[in-house]
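Protein chains in written order, with the numbering used here: chain E, 7 to 353; chain F, 7 to 353; chain V, 7 to 353; chain G, 7 to 353. Yeah, the Cβ is synthetic: ideal placement off N, Cα and C, and Gly gets one too. To start, the structure under review is shown below, and the notes come after it.
4 protein chains.
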Amino acid sequence: MERIIKRGFASDNNSGAHPAVLQAMADANAGHEIAYGDDYFTARAIEKIKEYFGSEIEVFFVFNGTGANVLSLKNITESFNSIICAETSHINEDECGAPEKFTGCKLLPVKTENGKLTIEKIKKHMYGIGFEHHSQPKVISITQVTELGTVYTIEEIRELSNYAHENDMYLHMDGARLSNAAVSLELGFKEFTADAGVDVLSFGLTKNGAVNAEAIIFFDKKLAENFKYYRKQGMQLGSKMRFMAVQFEALLSNDIWKKNAAHANRMAKLLSEKIAEIPQIKITQKVEANGVFAIVSAEIIPKLQKEFFFYMWDEHRSEVRWMTSFDTTEEDIEQFVALIKKLLDLT
Amino acid sequence: MERIIKRGFASDNNSGAHPAVLQAMADANAGHEIAYGDDYFTARAIEKIKEYFGSEIEVFFVFNGTGANVLSLKNITESFNSIICAETSHINEDECGAPEKFTGCKLLPVKTENGKLTIEKIKKHMYGIGFEHHSQPKVISITQVTELGTVYTIEEIRELSNYAHENDMYLHMDGARLSNAAVSLELGFKEFTADAGVDVLSFGLTKNGAVNAEAIIFFDKKLAENFKYYRKQGMQLGSKMRFMAVQFEALLSNDIWKKNAAHANRMAKLLSEKIAEIPQIKITQKVEANGVFAIVSAEIIPKLQKEFFFYMWDEHRSEVRWMTSFDTTEEDIEQFVALIKKLLDLT
Amino acid sequence: MERIIKRGFASDNNSGAHPAVLQAMADANAGHEIAYGDDYFTARAIEKIKEYFGSEIEVFFVFNGTGANVLSLKNITESFNSIICAETSHINEDECGAPEKFTGCKLLPVKTENGKLTIEKIKKHMYGIGFEHHSQPKVISITQVTELGTVYTIEEIRELSNYAHENDMYLHMDGARLSNAAVSLELGFKEFTADAGVDVLSFGLTKNGAVNAEAIIFFDKKLAENFKYYRKQGMQLGSKMRFMAVQFEALLSNDIWKKNAAHANRMAKLLSEKIAEIPQIKITQKVEANGVFAIVSAEIIPKLQKEFFFYMWDEHRSEVRWMTSFDTTEEDIEQFVALIKKLLDLT
Amino acid sequence: MERIIKRGFASDNNSGAHPAVLQAMADANAGHEIAYGDDYFTARAIEKIKEYFGSEIEVFFVFNGTGANVLSLKNITESFNSIICAETSHINEDECGAPEKFTGCKLLPVKTENGKLTIEKIKKHMYGIGFEHHSQPKVISITQVTELGTVYTIEEIRELSNYAHENDMYLHMDGARLSNAAVSLELGFKEFTADAGVDVLSFGLTKNGAVNAEAIIFFDKKLAENFKYYRKQGMQLGSKMRFMAVQFEALLSNDIWKKNAAHANRMAKLLSEKIAEIPQIKITQKVEANGVFAIVSAEIIPKLQKEFFFYMWDEHRSEVRWMTSFDTTEEDIEQFVALIKKLLDLT
């Protein structure tokens, strides 16, 4: 197997880490620290996160996004509950049934056009309440940025959280690309999470430039009461926690997270603008963050993938997904578009 | 919270990482790699591991030791099985019920004097075979180095694996400190794992100087057939896998793993020799790797812990556990012993 | 609370038991029998079942339909699998998430018009095969009679089983009303189960006139190898098994099952014919067994329910479900229809 | 397979049902009742149970003792909890891991001499509280009558419940033979359950003469809040509930339960007295209810079992278990003892 090195558009987690992240890990590598999170660096990282999300939160670091989502959900459900989510959501499509296995709950997938849940769509699943034969809806789970590259507005989130709370339910947000959403919305993290009624957040910085930096944030401390046990039982408690913690501190300092996300979003915008000029290609979703979805002639896709790796989104309709990253360059975009044009005989 | 820096004897995972590990991570940080393990660095790391364990293995990287143990066990059991282990084993005592939760199996803890299982002890649990009311024994799980700092000989392992296989069971080894065992036994990894009949191994290098490097190794490829799904569903599939992979390669190159383990073992030996000279302290286990267990006057323990952090092992009998690490120095030992003597009014 | 006694149209499990069932229980009540199924009566009942389904089967009695479905599915899946079923299926709608909880699998609900799966509908879920991020489809589960009162033809079942087997999957049939289907199809049980490629069957006679008589039948004995352990671990192993067994023998003797099912089906047909004459009511599903689905003016429903209890099927469209039973009489139908007409001012 | 009919000493669930039970089932078999427990007979049976246990309870009928135990435990635990029980307890030995599978909890088996837990024995497991690596003890589960035929006194139960409550834990009682205990203690059910601090009770009458009559009783109604969902998701909700309910009413009326239990206990006493006269046999446990445990020459056991079926308890020490039942006769005892004497050449 050869080393790739060349940047493609497969996923923002195909990129490496921001240099500041590795530097922070090296800087933390002296002497002993108590393992499992009871250390200086973890305390500092949590303080840094509180600067963004407010002090009345509980924060727990975990290994990956699936762990963050599944353990968030486990903590706020009983096994007889159901979890309402978009059919395209990561928890429904890309976690190999981890939520069902670990929570015992039923997932209720909702068909959407753009990856976003709406109250109207959710309502169709709101029946059988109190009826013991029926899984009881307890969580609305949304992804911000959605898996289709779209971004919930603050009002949309607020509507969903109000609806959830009126129905004795929780609102969970999968924020694997929360930084890209913040930049897209031009809002601070707190404004469209805690302040918009989100109860539990999976906060990921891995795709923003970390090695692996994922956290679960509870906006109501009481919700977190037993969480430490679930994290351990869920195999998500790291021993040398300092190395996870400093990644958060590094990216959340000096606006690195914001610069990274802004750049990735800008690259997606640039790509989409150039693609929009190609009549043979149809962009299928609003480009609100760092993903571009498009219908492309099936013939050219393999040739294109050979040079710039990316994934099919929907084989049936020849739809592809192009993700940009903090390290995508304008040259990458230009070369990619040039190749597309060449393959389409447009040059 | 203040930074500790000062080295103690709490655990080998209170230490940081070997510089070669962080260097390898930095070196891998260029360009894009396919996420989730289908990349150049992961392939290289697996090749490196095969140099030690033979080519007929399957290797999967996971996040932590609990993940390695639980997913190993899940893969070789049905939910109606039982798993025989030492009462003191990590899977029984220190994983918050993760094995039961994820596998559905019953753990059968066996009382031991030194952390080691024997056929005689195991046999007491070998009844009710074929009887549907009774959980069916399927795995013998041993820890090498044991949680009590002792090391199974190659003959002891072979006896257990023979017994397991004769009874249609598997032998799992929790090798969180496998390097320390290899050095202690003066054997290659393969000799006392694959060649001694181990079926599945949790192979950890985190305690040896990695940031987090844990792998599951199947010595029969057929056992691994479905494992990739369990890893994902078990929330243990990392995205930027290259950063886990290179840690293995770094430590397994240039004998760093061996130097680290040999040093840690030597420091434990040194500590135990100095402690043996103190009549008020009774060493309770053979010092075969990097842990020293001793009964110490309860009065001096808090004062000692204040300067050099470590854990109580058994409060009832005032037994402590002192772990040495790859970064423990002779001065650490000397100062520690000097303090003990001072607290015992021996100086 | 008062005793109802009066027969309604709520469900065939609101009826009591056929007298032959209670007589058989009384007849079995002498002396001791080995508990848990290793007894004379269980052996006899299994022989009786084999007369219908062939001798190359394995039969296990369980307590209820949910138990039969969930344990069937557990036995033929790994936790990373998915199970394709109709959105309206009992396993998806009416088991409070029991399949997810006990199997760990994901259910993939398919929207249907009439409760029946088709290959075309199933195909939309057949992707991501071999891709570890995605739950792997392993079972197609159909209900015969469907929850909408329709009946799969032998050809439809054969198509589905062929498709399942071609894709390394199993076909499970929830036969809570299998007798009604057999009568409707004018076929023997074996012809549209084993012979049509069904792998595992939940065979229920409770709705046919038993107290509680549910069995799981494996048509490939190898599939049943470990099942006894799952039954016990799944809390579905009865102690005084003889009392469950004799119910099967009683109903499967002297064609009682057939007479009961034929009668129930005939009553549904009669009801539907009389309802068809009422222009204000629209029958929404083919009446192929013992259920009638109809859209009825919301105004009259509560008044009607007061005299003859039944359930709403879909509140949104004012659709009701009327089930007939082995003990429904022509007078029940006549009085019921007369009341409907009266409430609609048709008399 | 031949019908046995002949009574043995294998288990009280090898017996059939008391005639009053079958009569009650026949009497309930008229007309329709709402399924799943919302019916006249279930309401009546619950009222009858309240006559014994007080009105401030919640009662749920389930199918079997394993279901009663497992769902009781599920309802009062989180998956990270542990459950302390005797090594010999049914939940630990005879439920094929059902508690672990459905609750996710760890069972902590305690070695006892007579099947009874004591605070002293429990205390050894009470450590690691608040430590996330360690399963958190939450339930003490005792069996009354124990699996060794002994009976907890009211003071012993009170001590355990006090200890449980002081440590923020619950006391669960597996009362599969509660009637035998009540007779043995000459106490009402309430006195040694609710009044002695038991929080949740598995109350079984199957062994007392029912077909299958098992209930879960919560003595604090708040504990039962979500229980109906767990019962359904746990596959333990019966449809034609009336037939389970009337069994309770039948046995709890006219002191049938008491007569049955008193008779069974008396037969065990008689047996033990006669056995005590045989010097070659050593009775190993106090005979406080309806079981006799004894060490018998291994040679005669198979011959004895051929005439009167019973089970080995401990093969290693040639210990047998002889259970008496409500239908055991004095002649059974006499013939059995005579045969023993004959086999031992004492006649």
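Counting only runs that start and end inside the segment 44 to 94 of chain V, the alpha helix (DSSP H) elements of at least 4 residues fall at 46 to 59 and 71 to 81. Within its own chain, the residues whose Cβ lies closer than 7 Å to the Cβ of Ala34/G, once the five positions on either side in sequence are excluded, are Phe47, Arg248, Phe249 and Val252, listed in chain order. Per the DSSP secondary-structure output, Pro115/V pairs in a beta bridge with Cys91/V.
In terms of Cα proximity to Val27/V, the closest of Asn218/V, Ala274/V and Leu229/V is Asn218/V. Near chain F, meaning a CB-to-CB distance below 7 Å, the residues of the segment 125 to 142 of chain G are Glu138, His139, His140 and Ser141.
In this structure Lys107/V touches Gln239/G by the C-beta definition: roughly 5 Å separates them, less than 8 Å. With 16 or more other Cβ atoms from the protein chains shown falling within 10 Å of its own Cβ, His269/E counts as buried. Taking C-beta atoms as the reference points, Asn20/G and Ile40/V count as a pair closer than 9 Å. Taking 9 Å as the cut-off, the beta carbon of Tyr235/G is found no closer than this to the beta carbon of Ala16/G.
Within the model, the alpha-carbon separation for Gly73/E versus Gln242/E is close to 7 Å. Chain E places a beta carbon closer than 9 Å to that of Leu77/F, counting this residue as a contact. Contact of Phe66/V with chain E by beta-carbon distance below 7 Å is absent, the smallest such distance being about 24 Å. Using a Cβ-Cβ cut-off of 9 Å, Ser95/F is close to nothing in chain G; its nearest Cβ partner there is about 13 Å away. Among the CB atoms of chain G, none fall inside 9 Å of the CB of Asn186/V. Restricted to the segment 225 to 288 of chain G, the alpha helix (DSSP H) segments that are unbroken, complete and at least 4 residues in length are 233 to 239, 248 to 258 and 262 to 282, listed in chain order.
Listed by position along chain F, the residues whose Cβ is nearer than 8 Å to that of Ile40/E are Ile10, Ala16, Asn20 and Phe315. When DSSP states are grouped into helix, strand and coil, His38/G belongs to the strand group. With fewer than three CB-CB distances shorter than 8 Å, the segment 290 to 299 of chain E does not count as touching the segment 341 to 349 of chain E. When rounded, the separation of the alpha-carbon atoms in Asp201/V and Asp201/G is 59 Å.
The beta carbons of Ser190/E and Val157/E sit about 5 Å from each other, so the pair counts as a contact at 8 Å. The segment 100 to 117 of chain F and the segment 129 to 147 of chain G touch, with three or more beta-carbon pairs separated by less than 8 Å. Contact of Phe86/G with chain F is assigned, a C-beta pair being separated by under 9 Å. Looking at Glu153/E, His171/E and Phe342/E, the one whose alpha-carbon comes closest to that of Asp180/E is Glu153/E. Listed as beta-bridge partners of Glu220/F by DSSP are Val68/F and Gly210/F. With contacts defined by Cβ atoms closer than 9 Å, Ala300/V and Glu325/V form a contacting pair.
Scanning the segment 126 to 213 of chain F from its first residue to its last, the whole alpha helix (DSSP H) runs of 4-plus residues come out as 160 to 172 and 184 to 191.
Taking the CA atoms as reference points, Phe315/E sits about 50 Å from Tyr169/F. For Ser331/E, the closest of Leu123/E, Ile306/E, Gly134/E and Leu211/E by C-alpha to C-alpha distance is Leu211/E. For a cut-off of 8 Å, the C-beta gap from Gln150/F to Leu184/F is around 6 Å, short enough to register as a contact. Neighbourhood of Tyr236/G in chain E, by CB distance below 7 Å: Phe86, in chain order. Cβ atoms of Ser147/G and Cys111/G stay farther apart than 8 Å, at about 11 Å. Against chain V, a Cβ distance below 7 Å from Gln239/F picks out Ser85 and Phe86. Across the segment 152 to 172 of chain E, no CB contact with chain G closer than 8 Å is found for any residue.
Non-local C-beta neighbours of Val302/V in its own chain, meaning closer than 7 Å and more than five positions away in sequence, comprise Ile287, Ser324 and Val326, ordered along the chain. The continuous alpha helix (DSSP H) containing Glu337/V extends over residues Glu336 to Leu349.
DSSP, read as helix, strand or coil, puts Asp100/G in coil.
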